[in-house]
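Here is the structure we will look at, set down as structure tokens.
Residue numbers (the numbering used here): 97 to 147.
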């Protein structure tokens with residue numbers, strides 16, 4: 097499963113891609129330290145770097 101994210105200030109904001117290609121923002125934000133702990137579990141794609 098791909099999970100999209102952007103880095104915003106000192107946080108990571110996650111997005112989910114729905115069937116109609118709309119990005120839905122997840123309610124939770126992670127700090128970069130928290131993000132580094134879970135980075136290996138899923139296929140994270142940085143929205144700003146890939147589009």
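By construction, the Cβ of each residue, glycine as well, lies at the ideal position given by its N, Cα and C atoms.
**OP:** Taking the CB atoms as reference points, tell me whether residue 104 and residue 129 lie closer together than 9 Å.
**Re:** As a first step, residue 104 is located in the chain shown; it is residue number 8 there, counting from the start. As a first step, residue 129 is located in the chain shown; it is residue number 33 there, counting from the start. Not in contact: residue 104 and residue 129 (Cβ atoms no closer than 9 Å).
Subject >> Assigned secondary structure, residue 145 (DSSP; H/G/I helix, E/B strand, else coil) >> reply: Mapped onto the chain shown, residue 145 falls at position 49. Helix, per DSSP.
Original post:
DSSP three-state call for residue 125: helix, strand or coil?
Top reply: If you number the chain shown from 1, residue 125 lands on position 29. Residue 125: strand per DSSP, three-state reduction.
**OP:** Check whether the Cβ of residue 140 sits closer than 8 Å to any heavy atom of the ligand SAH, and report yes or no.
**Re:** For the structure depicted, the ligand SAH is absent and the ligand set is empty, with no information on it obtainable.
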